[in-house]
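For what it's worth, this note's numbering labels the leading residue of the sequence shown as 1, then goes sequentially.
Note that CB positions come from ideal geometry on N, CA and C, so glycine has one too.
Please read these numbers as outputs of a predicted model, since none were measured by experiment.
Written out below as structure tokens is the structure these notes cover.
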Amino acid sequence: MGIVVAKFGGTSVGMGERIHKAANSVVNEYMKGNKVVVVVSAINKTTDESIKLVKESIGDSVTEKQLAGILSMGEMQSVRILSATIESLGVKSEYIDPFSEKWPVITDSNYLEAKIDKDETKKRVQEHIMPLLDQGVIPVICGFLGRDSHNCVTTLGRGGSDVSAFLIGHCLNADEVIIVTDVKGVMSTDPRKLNTARKLDKITVEEMIDLANYGAQVLHPNALRYKDPDIKAKIISFEYGDLRVKGTDIIGPANPDDNVVTISMLPDKLSVIAVVGENLMSKKGIIADITSKVSDNDISLYGISTGESSITLFFKKEDADKAHEVLHDLVIQGDELSSLSLGQEIAMISVVSHEFIDTPGIIANITNPLHDNDINIVEVSSSQTAVVVFVEWDDGEKAYELIKETLQ
Ligand code: ADP
Ligand code: ASP
Ligand code: MG
Numbered sequence: 001m002g003i004v005v006a007k008f009g010g011t012s013v014g015m016g017e018r019i020h021k022a023a024n025s026v027v028n029e030y031m032k033g034n035k036v037v038v039v040v041s042a043i044n045k046t047t048d049e050s051i052k053l054v055k056e057s058i059g060d061s062v063t064e065k066q067l068a069g070i071l072s073m074g075e076m077q078s079v080r081i082l083s084a085t086i087e088s089l090g091v092k093s094e095y096i097d098p099f100s101e102k103w104p105v106i107t108d109s110n111y112l113e114a115k116i117d118k119d120e121t122k123k124r125v126q127e128h129i130m131p132l133l134d135q136g137v138i139p140v141i142c143g144f145l146g147r148d149s150h151n152c153v154t155t156l157g158r159g160g161s162d163v164s165a166f167l168i169g170h171c172l173n174a175d176e177v178i179i180v181t182d183v184k185g186v187m188s189t190d191p192r193k194l195n196t197a198r199k200l201d202k203i204t205v206e207e208m209i210d211l212a213n214y215g216a217q218v219l220h221p222n223a224l225r226y227k228d229p230d231i232k233a234k235i236i237s238f239e240y241g242d243l244r245v246k247g248t249d250i251i252g253p254a255n256p257d258d259n260v261v262t263i264s265m266l267p268d269k270l271s272v273i274a275v276v277g278e279n280l281m282s283k284k285g286i287i288a289d290i291t292s293k294v295s296d297n298d299i300s301l302y303g304i305s306t307g308e309s310s311i312t313l314f315f316k317k318e319d320a321d322k323a324h325e326v327l328h329d330l331v332i333q334g335d336e337l338s339s340l341s342l343g344q345e346i347a348m349i350s351v352v353s354h355e356f357i358d359t360p361g362i363i364a365n366i367t368n369p370l371h372d373n374d375i376n377i378v379e380v381s382s383s384q385t386a387v388v389v390f391v392e393w394d395d396g397e398k399a400y401e402l403i404k405e406t407l408q
């Protein structure tokens with residue numbers, strides 16, 4: 001017995017039969033004694049079609065506010081149909097759209113990529129949605145949409161219904177969030193691109209965020225910001241018409257505070273080795289040769305970055321002589337690499353935050369204070385959620401403090 005948020009994507013409600021199936025699965029869950037909140041996307045490709053229509057009819061002169069209003073029609077339609085279908089199965093249901101008094105999701109006025117006011121939303125979820133659950137009503141809430149302080153409709157960005165589901169789950173202290181979609185779960189890659197893709201039984205929040213940030217459409221990259229560690233979450237297929245079916249469980253996060261920036265400095269000294277050669281980018285297999293050589297000799301690699309004429313590698317200081325020797329063997333064995341150098345003692349500082357993805361200028365924020373304090377940066381590498389800075393060992397402690405001051 002608990003609170004379950006079930007989110008249906010566009011394909012999952014893509015035709016009458018599927019809407020019926022979705023409603024039925026919700027009612028079955030409710031009959032088991034659970035409180036169920038439904039979040040739904042626009043039916044099928046409605047959002048794409050509306051965008052196309054607007055392009056053809058209005059072109060670039062459409063305002064963001066107008067476009068958000070037009071796109072919202074997709075979800076305004078689907079909540080009404082799904083809610084009425086649930087009622088037709090004999091359970092009380094109420095649809096909730098941004099014009100409803102009970103509408104919970106409050107945002108700023110950035111109409112197409114609105115930022116959520118988490119506190120206000122939580123207050124409204126507790127005030128308006130929780131009582132419906134207590135009265136035995138199944139609320140059906142528009143995914144993707146928000147409302148600003150002037151009561152205008154906003155959207156959370158394409159694919160944003162996933163964000164709505166996890167946000168509402170968080171605000172309700174729900175037990176489970178279930179994402180119902182057109183694949184059996186999270187797969188080893190996009191099954192539309194490779195038919196050898198396999199379903200994963202589970203994936204961590206951290207892995208899923210990186211996968212989504214690099215383009216896996218199956219879940220919006222911002223959705224898991226709202227996943228608390230003790231809320232169960234899974235992605236399942238609509239095909240079975242059963243919310244209890246197995247899909248992919250999403251586990252975690254290990255670090256529950258989504259705003260946290262973790263800054264850490266590796267306590268060990270690293271050494272840097274630069275391997276040089278001509279036009280390295282166009283030569284096949286060089287990186288593989290280097291990394292295999294390193295791993296065959298049981299040496300851990302702490303960082304690697306590649307350039308046109310050099311590949312820079314970071315090792316623990318105690319492994320550096322060995323790495324130097326084995327990489328030198330590689331250099332003299334072939335013609336592609338000309339030489340290598342074993343450099344100074346290095347400190348490695350890692351800065352990790354899921355906020356980085358939409359924080360413009362984050363690398364500058366980290367590196368500017370170092371530059372202002374005359375600290376030479378040996379190397380910077382970055383991904384969507386982490387920035388790793390390598391500096392000379394003697395500057396390490398100071399660089400670490402400066403980065404902490406800037407970001408925390
Ligand atoms: P919904 O409308 O239910 O939100 P989406 O189309 O947004 O569904 O997301 C589901 C799609 O994500 C799948 O049809 C699939 O093509 C795509 N996808 C991309 N990468 C993956 C992956 N690793 N695992 C599963 N699906 C993926
Ligand atoms: N209907 C919206 C879109 O197509 C939101 C969503 O599907 O999550 O982007
Ligand atoms: Mg989607």
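Collapsed DSSP secondary structure at residue i in the structure displayed
i	result
Ile81	helix
Met15	coil
Lys316	strand
Cys142	strand
Ser282	helix
Phe99	coil
Glu308	coil
Ile86	helix
Val137	coil
Thr385	coil
Tyr302	strand
Ser93	strand
Ile250	strand
Val261	coil
Ile116	strand
Val218	coil
Val351	strand
Val40	strand
Thr204	strand
Thr63	coil
Pro360	coil
Asn373	coil
Gly69	helix
Gln333	helix
Val27	helix
Lys126	It is worth fixing the name first, because residue 126 is Gln in this sequence and not Lys. In the structure shown, Gln126 sits in a helix (DSSP, three-state: H, G or I).
Leu211	helix
Val245	coil
Lys293	helix
Opposing strand residues paired with residue i [DSSP bridges]
i	result
Glu379	Phe390
Leu340	Val275
Arg225	According to DSSP, Arg225 bridges with nothing at all.
Arg147	Ile106, Val153
Lys428	The question about residue 428 has no answer, for the chain in this structure spans 1 to 408.
Leu270	Lys316, Ile346
Glu176	Val4, Lys232
Lys199	Met187
Thr181	Ser237
Distance CB(residue i)-CB(residue j) smaller than 7 angstroms
i	j	result
Gly277	Glu336	yes
Ala197	Met187	yes
Val4	Ile141	no
Asp148	Thr121	no
Val26	Ile86	yes
Val272	Phe238	no
Asn34	Gly2	yes
Ile250	Ala274	no
Thr154	Gly146	yes
Ser83	Ser93	yes
Lys7	Ile236	no
Ile403	Val387	no
Val252	Val177	For the record, residue 252 in the displayed sequence is Gly; it is not Val. No. Outside cutoff.
Tyr226	Leu167	yes
Asp162	Leu200	no
7 angstroms Cβ cutoff, residue i in contact with chain C
i	result
Thr262	Given the protein chain composition of this structure (a single chain), no chain C is represented.
Three CB pairs or more closer than 8 angstroms across the stretch 259-271 and the stretch 392-407: Yes, the stretch 259-271 is in contact with the stretch 392-407.
Segment contact flag, the stretch 164-172 with the stretch 192-201, C-beta cutoff 8 angstroms, min 3 pairs: Between the stretch 164-172 and the stretch 192-201 there are fewer than three C-beta pairs closer than 8 angstroms, too few to call the two in contact.
Inter-stretch contact at 8 angstroms, needing at least 3 Cβ pairs: the stretch 40-49 / the stretch 8-28: They touch, by the three-pair rule.
The stretch 318-336 contacting the stretch 354-369, beta-carbon criterion three pairs below 8 angstroms: Cβ pair count under 8 angstroms is below three, so no.
Meets three-Cβ-pair contact criterion under 8 angstroms: the stretch 108-128 and the stretch 47-60: With a cut-off of 8 angstroms on Cβ pairs, the stretch 108-128 is not in contact with the stretch 47-60, counting fewer than three such pairs.
Inter-stretch contact (C-beta, 8 angstroms, three-pair minimum) for the stretch 360-377 and the stretch 293-300: No contact exists between the stretch 360-377 and the stretch 293-300.
Segment contact, 8 angstroms Cβ cut-off, at least three pairs: the stretch 239-250 with the stretch 303-322: Not touching, per the Cβ criterion.
Cβ contact check for the stretch 264-284 and the stretch 206-222: 3 or more pairs under 8 angstroms: With the cut-off at 8 angstroms, the stretch 264-284 and the stretch 206-222 do not touch.
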